[in-house]
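Novice:
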Amino acid sequence: MLAIRLQRVGRKNDPSFRVIVADSKLKPKTGNVLEVLGSYNARMGKPVINTARAKYWMSVGAKASGTVHNLLVDLKAVSGKKINVLGKKTPIVKEASVEVAKAPVAAVAAPVATAEVVVEASPDVVAEAPVEASLEVTPADE
Numbered sequence: 018m019l020a021i022r023l024q025r026v027g028r029k030n031d032p033s034f035r036v037i038v039a040d041s042k043l044k045p046k047t048g049n050v051l052e053v054l055g056s057y058n059a060r061m062g063k064p065v066i067n068t069a070r071a072k073y074w075m076s077v078g079a080k081a082s083g084t085v086h087n088l089l090v091d092l093k094a095v096s097g098k099k100i101n102v103l104g105k106k107t108p109i110v111k112e113a114s115v116e117v118a119k120a121p122v123a124a125v126a127a128p129v130a131t132a133e134v135v136v137e138a139s140p141d142v143v144a145e146a147p148v149e150a151s152l153e154v155t156p157a158d159e
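For the sequence shown, the residue numbers in this note's numbering are 18 to 159.
(1) Residue 11 lies in the beta strand (DSSP E); which residues open and close that run?
(2) Where does residue 59 land, buried or exposed, given buried means 16+ other C-beta within 10 angstroms?
(3) Taking the C-alpha atoms as reference points, what is the distance between residue 89 and residue 51?
(4) So, at 8 Å on beta carbons, what are the nonlocal neighbours of residue 65 in its own chain, with the 5 sequence-adjacent residues on each side left out?
(5) Please report how far the alpha carbon of residue 23 lies from the alpha carbon of residue 107, in whole angstroms.
(6) Can you tell which of 69, 74, 63, 93 has its C-alpha closest to the C-alpha of residue 40?
(7) Go through its chain and collect everything with a Cβ distance to residue 29's Cβ below 6 Å, but skip five positions before and after it.
(8) Taking only three categories from DSSP, how would you classify residue 43?
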């Protein structure tokens, strides 16, 4: 199977990449590349990719890596959403905080509703108890 992915080139601490089409089983550094589609300088930001050739290779059956797919979406060569290329252990901060905020509200609301039902079930007992207690306490204080 073919893969469209990045091949790192350049020197240490200066990341720049080639966008290549290669066999997915081979590592990018082997040099067995079918075609170089363009380049991406990570420090400058803008990729230079031949989008027509990328579409051709994808129509033939090549799969784009997550990062290359996101670059093609930015260039509007491929329609669709971006793929989360972060590690599985790294959660997305925005969605996680929203879910945590919703959970405690639902947990607090359920016990309050149960307490209201108990009070309505026995109003006579609750009303009589405080009246007797208030009579006993008042003479003892004087």
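Every residue gets a Cβ at the ideal spot worked out from N, C-alpha and C, and that includes glycine.
Specialist: Looking at the atomic coordinates:
(1) Outside the displayed range of the chain (18 to 159) lies residue 11, so it cannot be described from this structure.
(2) The count along the sequence shown starts at 1 and reaches residue 59 at position 42. It is exposed - the Cβ of residue 59 has fewer than 16 other Cβ atoms within 10 Å.
(3) Indexing the sequence shown from 1 puts residue 89 at position 72. Indexing the sequence shown from 1 puts residue 51 at position 34. Rounded to the nearest angstrom, the two C-alpha atoms are 19 Å apart.
(4) In the sequence shown, residue 65 corresponds to position 48, counting from 1. Taken in chain order, the residues that qualify are 55, 56, 57.
(5) Position 6 of the sequence shown holds residue 23. Position 90 of the sequence shown holds residue 107. If I take the Cα positions, the gap works out to 22 Å.
(6) Reading the sequence shown from its first residue, position 23 is the one you call residue 40. Checked all of 69, 74, 63, 93; the closest Cα to residue 40 is 74.
(7) Locating residue 29 in the sequence shown gives position 12, where the first residue counts as 1. Apart from sequence neighbours up to five positions away, no residue of its chain approaches residue 29 with a beta-carbon distance below 6 Å.
(8) Sequence index remark: in the sequence shown, residue 43 carries index 26 (1-based). Residue 43 carries a coil assignment under DSSP once its states are collapsed to helix, strand and coil.
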